[in-house]
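A.B. asks: Sending over a structure as structure tokens; questions will come in a sec.
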Amino acid sequence: MIMHMRCVASFLMAMATFHANALIYDFDGECKKFGFPFLAWTQPRSEWWSSWSSIPHLGHSYILKYEYQEFFANQPAWVEEYFDAQKKRAKIMAVSLGVEFADIYDYKLQRVMSYKARKPSASGSDLKTQVECGIYDLKTFKSKYLHLRFPCVKKYKNPCDMPTANEVLRYGTPHSYKYKNEVISPATRNIKSKLYTACIKDTFIDGTYESYYYWGEDLSFRFPSGEEKMPVHVEQKGEYYENNTRHEHYIFKNIPWYQKDPKFSDDMFQVPQSMHCRSYTDLHAIPEMPNSFSFSQEEFEFTLNATGFLDGGFSPLSFKQF
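Here the sequence shown stands for residues -22 to -1, 1 to 300, numbered as in mature numbering (1 follows the signal peptide of the UniProt record, and there is no 0).
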């Protein structure tokens, strides 16, 4: 969904994907129609209700980095998400075919900075080449480049309140995830994982789909992000509607990096240096200069010595009012 580029995947690829990702075909209700009758490469299956256990917690804030792939797309993308619930800001960045796309959300100021830039050359000496950058109202924002996005949630008095991490990742409350199986497969990079599943009614994209979260654990060492347990693979399959048109929703996320409630820096939520962003919002427009105004100007004289330090003090020269 990064770009509107589609191709027909081979049947061989489809078969491998279904087996590796352990699709389940015993959902009830609206998700029942999305299942496929392929056996899963999992541990022996236990009963749905008797094997239930509390699901792992994702945290209130997070940093998530993953390879994103649509089943019908011909090009994967590298995606990074930064979600700072404390300071009410978020960023999603994707790189595909040498082009970087990013949307930076500020829920306090109710605006989004969105840019597209070409990545630097292999030498690393070139700055990113700006293609386009704009500032938009958060409530009406629709990304030109990314179908991945953070939703606008109406909870309090703001036009758009910040969603929770669970709402963004379609995980945890209010979704009814249940433990299904222990899984070891190429999809989890052969990391022993616990599979949690749910049927998601997604109001943000007007969609319904099966959701599969594979939580890696039981390693003899921590993951590179420092976490002991983290989701290593996510899969969603179903449908959504846009402009009264039905679309397939079938995505994979291969996750090497997840941090729960990390420390953030302001640089993570800035556009690249030297990039100019045009404003398309009236909420924070620069005011026009007034027809009349006044100000004062005072001039001083000072001397620096040979070492560059102040020699003596300041001597006033003039004071003017305009």
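Where a beta carbon is used, it is the ideal one built from N, C-alpha and C, also for glycine.
Name the two residues that bound the continuous beta strand (DSSP E) containing Val73.
C.D. replies: Taken as a continuous stretch (DSSP letters only), the beta strand (DSSP E) holding Val73 covers 67 to 74.
A.B. asks: Name, in chain order, the residues that DSSP records as bridge partners for Ala176.
C.D. replies: Ser189
A.B. asks: Does the region 274 to 283 come within contact of the region 245 to 252, defined as at least 3 CB pairs closer than 8 Å?
C.D. replies: no
A.B. asks: Our contact map puts Ala143 next to Ser39 with C-beta atoms below 8 Å; I'd like the distance itself, whole angstroms only.
C.D. replies: Confirmed, about 7 Å.
A.B. asks: With three or more C-beta pairs closer than 8 Å as the rule, is the region 248 to 259 touching the region 112 to 124?
C.D. replies: yes
A.B. asks: Measure the alpha-carbon distance for His254 versus Ala63 and round it to whole angstroms.
C.D. replies: 27 Å
A.B. asks: Do you know whose CA, among Ile169, Leu173, Pro152, lies nearest Glu160's CA?
C.D. replies: That would be Leu173, whose Cα lies nearest to the Cα of Glu160.
A.B. asks: Measuring only the C-alpha atoms, how far is Glu195 from Lys207?
C.D. replies: 5 Å
A.B. asks: Rounded to a whole number of angstroms, what is the C-alpha to C-alpha distance between Tyr190 and Pro268?
C.D. replies: 58 Å
A.B. asks: Need the endpoints of the beta strand (DSSP E) that Glu59 sits in, please.
C.D. replies: 55 to 62
A.B. asks: Taking only the alpha-carbon atoms, compute the straight-line gap between His125 and Glu48 and give it to the nearest angstrom.
C.D. replies: 11 Å
A.B. asks: Are the CB atoms of Tyr83 and Arg67 within a distance shorter than 8 Å?
C.D. replies: yes
A.B. asks: Taking the beta carbon of Leu147 as the centre, do at least 16 other beta carbons fall within 10 Å, making it buried, or is it exposed?
C.D. replies: buried
A.B. asks: Can you say whether Tyr219 is buried or exposed, counting buried as having 16 or more other CB atoms within 10 angstroms of its CB?
C.D. replies: Tyr219 counts as exposed, since fewer than 16 other C-beta atoms from the protein chains shown sit within 10 angstroms of its C-beta.
A.B. asks: If you count every other CB in all the chains shown that lies within 10 Å of the CB of residue 301, and 16 or more means buried, which is it?
C.D. replies: This structure leaves residue 301 out entirely; the chain is present only between -22 and 300.
A.B. asks: Taking the straight line between their C-alpha atoms, what separation do you get for Phe199 and Arg224?
C.D. replies: 44 Å
A.B. asks: Going by alpha carbons, who is nearest to Lys298 out of Phe278, Asn222, Asp289?
C.D. replies: Phe278
A.B. asks: Are there 16 or more other CB atoms within 10 angstroms of the CB of Glu45, so buried, or fewer, so exposed?
C.D. replies: With fewer than 16 Cβ atoms within 10 Å of its Cβ, Glu45 is classed as exposed.
A.B. asks: Based on DSSP bridge pairs, tell me the residues matched to Val90.
C.D. replies: Tyr83, Tyr114
A.B. asks: Are there 16 or more other CB atoms within 10 angstroms of the CB of Leu42, so buried, or fewer, so exposed?
C.D. replies: buried
A.B. asks: Can you list, in chain order, the residues of its chain whose CB lies under 7 Å from that of Thr281, leaving out five sequence neighbours each side?
C.D. replies: Asp289, Gly290
A.B. asks: Where does Phe12 fall in DSSP's three states?
C.D. replies: helix
A.B. asks: Is it buried or exposed, Ser296, if we count other Cβ atoms within 10 angstroms and call 16 or more buried?
C.D. replies: exposed
A.B. asks: Among Ser154, Trp193, Ser270, Pro294, whose alpha-carbon lies nearest the alpha-carbon of Lys170?
C.D. replies: Trp193
A.B. asks: Using the beta-carbon count (16 or more within 10 Å), is Pro22 buried or exposed?
C.D. replies: With a pLDDT of 39 at Pro22, under the threshold of 50, the predicted position of this residue should be treated as unreliable, though the coordinate-derived value follows. Result: exposed.
A.B. asks: Cutting at 6 Å between CB atoms, please list the residues of its own chain near Tyr60, excluding the five before and the five after it.
C.D. replies: Ile41, Lys69, Met246
A.B. asks: With distances taken Cα to Cα, identify the nearest neighbour of Pro240 among Ile233, Lys231, Glu205.
C.D. replies: The shortest C-alpha separation from Pro240 is found at Glu205.
A.B. asks: Return the CA-CA distance between Val109 and Ala95, expressed in angstroms with no decimal places.
C.D. replies: 5 Å
A.B. asks: Quick check: what's the CA-CA separation for Cys111 versus Ser203?
C.D. replies: So the two alpha carbons sit approximately 31 Å from each other.
A.B. asks: Quick check on DSSP: helix, strand or coil for Phe247?
C.D. replies: Of the three classes helix, strand and coil, the one that applies to Phe247 here is helix, per DSSP.
A.B. asks: What residue range is occupied by the uninterrupted beta strand (DSSP E) comprising Leu295?
C.D. replies: 293 to 299
A.B. asks: For the alpha helix (DSSP H) holding Asn144, just list the boundary residues, first then last.
C.D. replies: 143 to 147
A.B. asks: Going by beta carbon distance, what residues of the same chain come within less than 7 Å of Lys238, once the five residues before and after it are set aside?
C.D. replies: Leu36, Gly37, Tyr40, Glu205
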